[in-house]
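Worksheet: one structure, shown below.
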Amino acid sequence: MSEEERSRSALNSLISNFVESCGQNSNPPTDDYANYTREWINEIRKRPNPELHICKAISRLEDIIDSNQSYAQKCEEAIEYMIYSSKSRAEISSKRNELKTYEKKITDSETALQTIGPCPIKNCSRHHAIPESPETENKSQYKNSTLSPIPKVSSPTDFKLISPKKAAKTQTNKPISPIETSNKFSQLMEIDESVEAPKIHVPAIKLKIVTDYNLTLQEINRNFPKTLNKLDRGYIRITPDSLEERENIIEYLDKNKKEYVLSEAPENRPLKAVIKGLPKDHNKELISRELEENNFKVLRISQFRNFRQKTMHPVFLVEIAKSPISNNIFKVNRLNLFTVEIQMYRKKQKATMCYNCSDFFHSARNCRCNSRCIKCNGPHETRSCSIKTKIHNPTCINCNEKGHIASWRGCPKIPIINTNKIPTYAQKLRTNLPNPDRNSKNPELKQTPALQAQTEDLADIERHFNALKIISDTLKKFPNIIEISEKLLLAKNDLEKINLLLQLIKNSP
């Protein structure tokens, strides 16, 4: 069907509709047909267009999705900042509920869009790209005419004379011969890009030295010949070749009831942090709960104690498992609604004592030795001992001396750690400075001022002692001299002062 026939049929349908509408209104206004026609056109315009209504609904849903997505993104950023700045759980939970509301609106709008479908208006500038019609292509052909443009006539003033130096030379296209170059760093380019896997650190096992330790080492060396043995602070340090060999050696030692101590790999050791700024009687579970909400895995929480005064310090020690975010605990400044300060734990420069076997240089967490009580030397831990009172004359289980227990700092068996401080640059420079007394020709003349100063000091000291002796003798002869001296200060005239002095001489022995 051609376009003319299509337009003619549309016109016929419009006329038929108009006739039907006129037939329905049996009593049209006879006086003014123009008003009737105008009312009919307005009525036609007021009728709803379903395609336009669907387009507007799709646009409205898209605006709702865009606005809620921006709100949700801002809400996520606010939640991350609140977690980083240790805000309260109530504030964080309310923000998360707000985020869920935005996400629900986005989901509902997307469901509604899927139900409506695409925009029915094909030439919609928002939902459909307008393709170029052949009519526009034909129109563009008239703009780009094929006629040659009219050359612009240059005026005689536009001509400029160029010197031969600045004029372009005619260049000949000669073939360029390839230049051979040598790279002395070519060997460095041939690098094997295969990355070696990092070597796994295998923690050692410290075997306690007993009478039959040699038989134990022979059996371990027979089954695991790649192990290395080394003496370390009263123990035999056994270093396996792999983690599987380590597990097998531990199983063998447990089966034969041997005493040993385990070492921890650096990545498996907990991170220790000190929390300051909380009350003494603060609940440890509240600290653990809030730290776990911030994605920190808490292993243990303890409180510092004053053993002499038997009181607790307002300082808490937290042990957390190492992770990519474990160091962020030092950035936390709010905890349980308190402003706190979290610092790295600084270990004291002394030997660690085990609470299980009462030995040194390891902790009870890694100890697999027999338990020893420092009070009664029984096969149990000290905290499980039945003796709860003070022992008047205890016996040390390490040095067997009486009068102290094994945890006393003055025990001769406690190892002493040498804390030799590195000398500063100023101290090193002071020792290397030249001494002028060494280069002097007459050292005796240099020492005379020091001797004279010493003799003068001795003379002054002797003079002071003589004066004190005279005062002491005077007080013995005149015992009431202090009383009379106080009265002399209160005397009003010279006569009273003379009478007091005569009284002093009169009362002398």
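Residues 1 to 509 (full-length UniProt numbering) are what the sequence shown spells out, left to right.
Glycine included, every Cβ here is placed at the ideal spot set by N, Cα and C.
For serine 125, no alpha helix (DSSP H) encloses it, and the DSSP letter there is neither H nor E.
In the DSSP assignment, no residue is bridged to threonine 115. Counting C-beta pairs with one atom in each stretch, the stretch 200-212 and the stretch 233-244 have three or more that are closer than 8 Å, which means they touch.
A buried status is given to glutamate 290, since no fewer than 16 other beta-carbon atoms sit within 10 Å of its beta-carbon. The beta-bridge partner set that DSSP reports for glutamine 343 consists of Val274. Taken atom to atom, the span from the alpha-carbon of histidine 392 to that of isoleucine 417 is near 30 Å.
Cysteine 385 sits away from asparagine 398, with the two beta carbons spaced by 8 Å or more.
In the DSSP assignment, threonine 216 falls outside any beta strand (DSSP E) and within the unbroken alpha helix (DSSP H) covering 213-223.
Residues of the same chain with a CB within less than 8 Å of the CB of asparagine 256, apart from the 5 flanking positions on each side, are Thr216 in chain order.
Distance between isoleucine 422 and glutamine 303, taken at the CA atoms: about 33 Å.
Comparing alpha-carbon positions, the option among Asp281, Asn328 and Glu319 lying closest to arginine 305 turns out to be Asp281.
Rounded to the nearest whole angstrom, the C-alpha separation of valine 202 and phenylalanine 361 is 19 Å. Annotation for lysine 166: no beta strand (DSSP E) segment contains it, and DSSP assigns it neither H nor E. Where lysine 284 is concerned, there is no enclosing beta strand (DSSP E), although the alpha helix (DSSP H) around it starts and stops at 284-293. If you check the CB distance, leucine 299 and proline 266 do not come in under 8 Å.
Here DSSP, grouped into helix, strand and coil, assigns aspartate 63 to helix. In this chain, the alpha helix (DSSP H) harbouring isoleucine 250 covers 243-255. For lysine 206, the uninterrupted beta strand (DSSP E) run begins and ends at 205-208, by DSSP. For glutamate 319, the uninterrupted beta strand (DSSP E) run begins and ends at 311-320, by DSSP. Between the alpha carbons of glutamate 251 and valine 261 lies a gap of roughly 13 Å.
Between leucine 475 and leucine 488, the C-beta spacing is not below 8 Å. Across the structure, serine 67 and isoleucine 342 are spaced so that their CA atoms are roughly 40 Å apart. Three or more beta-carbon pairs separated by less than 8 Å are not found between the stretch 318-336 and the stretch 371-384, which leaves the two stretches without contact. Residue pairing by DSSP leaves phenylalanine 304 without any beta bridge partner. The beta carbon of isoleucine 484 is closer than 6 Å to those of Leu500 and Leu504 in its chain, skipping five residues each way along the sequence. Boundaries for leucine 337: no beta strand (DSSP E) harbours it, and the DSSP string shows neither H nor E there. In the three-state DSSP reduction, lysine 390 falls in the coil class, being neither helix nor strand.
The Cβ neighbour count for asparagine 400, taken over all protein chains shown within 10 Å, is under 16; the residue is labelled exposed.
Excluding five sequence positions before and after glutamate 103, the CB atoms of its chain that fall closer than 7 Å to its own CB belong to Ala72, given in chain order. Within the same chain, Ile417 come within 7 Å of lysine 350 by CB-CB distance, once the 5 residues on both sides are set aside.
With respect to lysine 56, cysteine 75 sits apart: the two C-beta atoms are not nearer than 8 Å. Comparing alpha-carbon positions, the option among Lys276, Ser288 and Leu429 lying closest to methionine 312 turns out to be Lys276.
Taking a contact as a CB-CB distance under 8 Å, the pair valine 318 and alanine 364 does not count as one, their CB atoms being some 18 Å apart.
Around the beta carbon of threonine 111, a 10 Å sphere encloses fewer than 16 other beta carbons of the protein chains shown; the residue is thus reported as exposed. With at least 16 other beta carbons inside 10 angstroms of its own, aspartate 359 counts as buried.
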